[in-house]
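Under our numbering, residues 16 to 327 are what the sequence shown spells out, in order. One structure is given here, and the rest of the page talks about it.
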Amino acid sequence: MNPSLDVITIGEAMAMFVARETGDLSHAEHFIKRVAGAELNVATGLARLGFNVSWVSRVGDDSFGQFVLNSLRKEGIISSAVTLDGRYATGFQVKSKAENGTDPIVEYFRKNSAASHLSLEDYQPLHFSSARHLHLSGVAAALSASSYALLDYAAGAMKAQGKTVSFDPNLRPVLWPSEAEMVEKLNHLAFQADWVLPGLKEGIILTGHTDPHAIADFYLNQGVKAVVIKTGADGAWFKSADGAQGCVPPVRVENVVDTVGAGDGFAVGVISALLEGKTLEQAVTRGNKIGALAIQVQGDSEGLPTRAQLNQ
16 MNPSLDVITI
26 GEAMAMFVAR
36 ETGDLSHAEH
46 FIKRVAGAEL
56 NVATGLARLG
66 FNVSWVSRVG
76 DDSFGQFVLN
86 SLRKEGIISS
96 AVTLDGRYAT
106 GFQVKSKAEN
116 GTDPIVEYFR
126 KNSAASHLSL
136 EDYQPLHFSS
146 ARHLHLSGVA
156 AALSASSYAL
166 LDYAAGAMKA
176 QGKTVSFDPN
186 LRPVLWPSEA
196 EMVEKLNHLA
206 FQADWVLPGL
216 KEGIILTGHT
226 DPHAIADFYL
236 NQGVKAVVIK
246 TGADGAWFKS
256 ADGAQGCVPP
266 VRVENVVDTV
276 GAGDGFAVGV
286 ISALLEGKTL
296 EQAVTRGNKI
306 GALAIQVQGD
316 SEGLPTRAQL
326 NQ
């Protein structure tokens, strides 16, 4: 019997080793072990806010895979749709310790990982139909053709059932054969979503437009209901199919520790608020707040708040 779910997301998780010392990664000798993955970050943030969340993936039958599964249990994320795949390994990454708000250097070891073998076999109809929302990102879409097919099918199936879908492009150009294919495939997924959440630079690449209005209209004209564009130091800009639009200023942060995960935190804020029936402006405001919390600590998901912390 499947529990009633609020959100399902699909993606890859990796073990992550974050250097304790700043400087060149080749010189680092001490690391902090964490779990990483864009879609898992979103699942974690939503679970901490009290949503019933399932994360769909594959992990290797190895210590890293067990580490990921233990992390899911710790966060209260449902793992019944995670396959333990003994044929392939769980990926991992090594990340430098950044300072002064600069972006850390991240080296990935994920080729032919268990998660890259996600496919239509991982679509469990009863499990997906028990959820009211599906969140997808461009990271899982880029893992392999079979992983992309799973996301495409899941998006279509959920839409056909009247469920909502959100999509964060989360561009990873190095994982795609070409930029043209990346743009085509990701826009196809975006057109099936209700809420699309690109960064401004991502929007420019995906649409060819530089103006936020034009970027939003590119998706709204394809049936998307709301577009939220992250504009960095300027906050975020939004526009909906019903005519609502505006800009929400950023939350100022005195000490930026780790910028990785900010976009995932933003997605947590927007998705959680919209699922609670709040306005798009309120959702973007929450997205800015959680994104700001995420960058004040080291680690991809350590700064994502509980409900009590969010309400402080």
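Quick reminder that beta carbons are idealized off the backbone N, C-alpha and C, glycines included. Just so you know, these numbers come straight off a predicted model, no measurement behind them.
If you compare alpha carbons, which of the options is closest to residue i?
i, options, result
"Ser-144", "Gly-171, Pro-320 and Ser-134", "Gly-171"
"Val-154", "Tyr-168, Arg-187 and His-148", "Arg-187"
"Gln-324", "Leu-308, Ser-316 and Asp-315", "Leu-308"
"Ala-130", "Val-198, Asn-303 and Val-97", "Val-97"
"Asp-77", "Thr-246, Ser-316, Tyr-138 and Ala-30", "Ala-30"
"Asn-202", "Arg-267, Ser-128, Val-239 and His-132", "Val-239"
Out of curiosity, what's the CA-to-CA distance linking residue i and residue j?
i, j, result
"Pro-27", "Ala-51", "Note that residue 27 is Glu in the sequence shown, not Pro. About 8 Å."
"Ala-157", "Asn-185", "10 Å"
"Val-121", "Ser-41", "12 Å"
"Ala-229", "Val-211", "14 Å"
"Ala-113", "Glu-36", "9 Å"
"Asp-167", "Glu-194", "19 Å"
"Met-16", "Ser-69", "A caution first: Met-16 carries a pLDDT of 44, below 50, which makes its placement in the model unreliable, though a value can still be read off. One C-alpha to the other measures close to 14 Å."
"Ala-164", "Gly-250", "33 Å"
"Asp-232", "Phe-79", "42 Å"
"Leu-141", "Thr-222", "35 Å"
"Ser-72", "Ala-169", "13 Å"
"Leu-319", "Gly-60", "5 Å"
"Thr-321", "Ala-146", "22 Å"
"Thr-105", "Leu-99", "10 Å"
"Gly-334", "Gln-260", "Past the boundaries of the shown model lies residue 334; the chain is included only from 16 to 327, so the question cannot be answered."
Give me the DSSP bridge partner(s) of residue i.
i, result
"Trp-191", "Paired residues: none, contrary to the question."
"Lys-245", "Gly-214 and Ala-251"
"Glu-260", "For the sequence presented, residue 260 should be read as Gln rather than Glu. Paired residues: Lys-254."
"Met-29", "Ala-51"
"Gln-108", "Met-31 and Tyr-123"
"Asp-100", "Gly-75"
Specify the secondary structure class of residue i as computed by DSSP and reduced to three states.
i, result
"Phe-281", "helix"
"Val-71", "strand"
"Met-16", "Confidence in Met-16 is poor, its pLDDT being 44 and thus under 50, which makes the residue's placement unreliable; the coordinate value appears in the next sentence. Coil."
"His-228", "helix"
"Val-312", "coil"
"Pro-265", "coil"
"His-142", "helix"
"His-150", "strand"
Measure the Cβ-Cβ separation of residue i and residue j and say whether it is below 9 Å.
i, j, result
"Glu-44", "Ala-62", "no"
"Ile-92", "Ala-53", "no"
"Thr-179", "Gly-214", "no"
"Phe-66", "Lys-48", "no"
"His-148", "Ile-23", "yes"
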